[in-house]
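Comments concern the structure below.
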Amino acid sequence: MTDALDTLLFHDMTITWIDGGITAMDGGAMFGPVPKPLWSKKYPVNEKNQIELPTDAMLIQYQHKNYLIDAGVGTGKLTDKQIRNYGVGEETKVEASLQQLGLTVDDIDGVIMTHMHFDHAGGLTQQKDGGYYSTFPNAVIYVNEIEWSEIRQPNIRSKSTYWKENWEPIQAQVQTFEDRLEIVSGIELIHTGGHSKGHCIVKLTQGQETLLHLADIMPTHAHQNPLWVLGFDDYPMDTIAAKQYWMKEAKRLDAKFLFYHDAYYRMIQWHKEGDQVVNHLKRSKQPALPLHY
2 MTDALDTLLF HDMTITWIDG GITAMDGGAM FGPVPKPLWS KKYPVNEKNQ IELPTDAMLI
62 QYQHKNYLID AGVGTGKLTD KQIRNYGVGE ETKVEASLQQ LGLTVDDIDG VIMTHMHFDH
122 AGGLTQQKDG GYYSTFPNAV IYVNEIEWSE IRQPNIRSKS TYWKENWEPI QAQVQTFEDR
182 LEIVSGIELI HTGGHSKGHC IVKLTQGQET LLHLADIMPT HAHQNPLWVL GFDDYPMDTI
242 AAKQYWMKEA KRLDAKFLFY HDAYYRMIQW HKEGDQVVNH LKRSKQPALP LHY
């Protein structure tokens, strides 16, 4: 039996989370310098010190077009060692999710990449007949030009997450940009850096309302504090600066936040003057561990 997909209506946009897979990363790495007695109160951790992190891409249906934000961890591309190290419990089921919506991979018009780490870009390509091919052959794939350069020429640190099988087959589909890109009116991709040099966030606007997806500078609701940064961040001070700016903007705009990695919330909105949750959409799929609060 196929699980129902979580959906959020945002005026003329319909946002649906696809079944993108589930990872379980080391909690210490995901919260970096934050002591475990603090972060473990905000996000449950298992006996292996891992926290559950889905990789559920967001499908935006808008103005008769279909856009994905990121692409899931992928399918059939990880070694047994990688599956163990990254705690991969499920892989991406994009075709099945799209089928529930009456769509196929050929119907995707654009893929909006926040960055190109394997758990976001793995679903861009698939294996076939011993090679790799584009999962979404008709899509424009939007990538920041710094990120596009970084993935093709990874350094000693980034080569463990920038894999050629995730970018070589889709080169002809890629459209790069510098600081900001308005894909269509109401959908904007904005460079922040921090988590990676070319990391971006997504801003969705309808009328006077705003949804923000801060991607991996705030991968879960537990990373709300600007100082709670990942050990995976290449440029943590840039992450802090970007989070400070966008958390301030969120208060000004009374914005809601969307999540790709959160095992508990799809969307959350905090009170302008504090951390009280005033609006939310919970992830319907049962997480491995319940929240403590």
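Residue numbers (this note's numbering): 2 to 294. Cβ atoms here follow ideal geometry from the backbone N, Cα and C, with glycine treated the same way. Just so it is clear, the structure is predicted and the values come from calculations on it, not from any experiment.
For residue i, the three-state DSSP class (helix, strand or coil)
i	result
F11	strand
V278	strand
M2	Interpretation of M2 is limited by its pLDDT of 49, a score under 50 that renders its predicted location unreliable; the figure taken from the coordinates is listed afterwards. Note: M2 maps to coil in three-state DSSP.
P138	coil
Y143	strand
L215	coil
R153	helix
L292	coil
H262	coil
T162	coil
D234	coil
K286	coil
L205	strand
T177	strand
T56	coil
K273	coil
T240	helix
W168	coil
P227	coil
H200	coil
K43	coil
P220	coil
P38	helix
Integer-rounded CB distance, given that residue j should sit under 8 Å from residue i
i	j	result
G33	P237	7 Å
G1	M26	The displayed coordinates of the chain run from 2 to 294. Any statement about residue 1 would go beyond what the structure contains.
L282	D7	7 Å
L190	I113	6 Å
P155	D107	With 8 Å as the limit, P155 and D107 do not qualify as a contact, their Cβ atoms being about 31 Å apart.
I70	V230	The Cβ separation is near 21 Å, so there is no contact.
H196	D180	No, H196 and D180 are not in contact; Cβ-Cβ is about 17 Å, not under 8 Å.
A72	H121	7 Å
P45	L290	4 Å
T309	L99	Summary: the structure shown does not reach residue 309, with the chain confined to residues 2 through 294, and so no result is reported for it.
When the options are compared against residue i, the one with the closest alpha-carbon
i	options	result
V185	D13, L9, D4 and D7	D13
K198	E189, R253, H118 and E166	H118
Q128	N167, V278, H214 and Q209	N167
L296	F260, A97 and W271	No information on residue 296 is available, as it lies outside the stretch 2 to 294 that the chain covers here.
R1	T221, V279 and A243	No answer is possible for residue 1: the residues shown for the chain start at 2 and end at 294.
V175	V141, S150 and C201	V141
N86	F137, D235, Y265 and I23	I23
L9	N280, H224, L79 and G194	N280
L296	W18, R153 and S41	Summary: the structure shown does not reach residue 296, with the chain confined to residues 2 through 294, and so no result is reported for it.
I241	I218, Q207 and Q64	I218
K66	K82, H200, Q83 and I16	I16
A173	W149, S159, P45 and R158	W149
T211	G275, K257 and Y133	K257
L182	M248, A122 and E146	E146
Y163	Q101, A216, D81 and V74	V74
P288	A5, G29 and I52	I52
Residues bridged to residue i (per DSSP)
i	result
I61	I16 and Y68
T126	S135
D27	Q51
L182	L190
M268	L259 and L282
E210	Q207
Residue i: CB within 7 Å of a non-hydrogen atom of the ligand MN
i	result
L259	The model on display carries no ligand, and the ligand MN is accordingly not part of it.
Every unbroken alpha helix (DSSP H) inside the stretch 68 to 124 [4 residues or more] = List check, alpha helix (DSSP H) in window: 81 to 86, 95 to 101 and 119 to 122.
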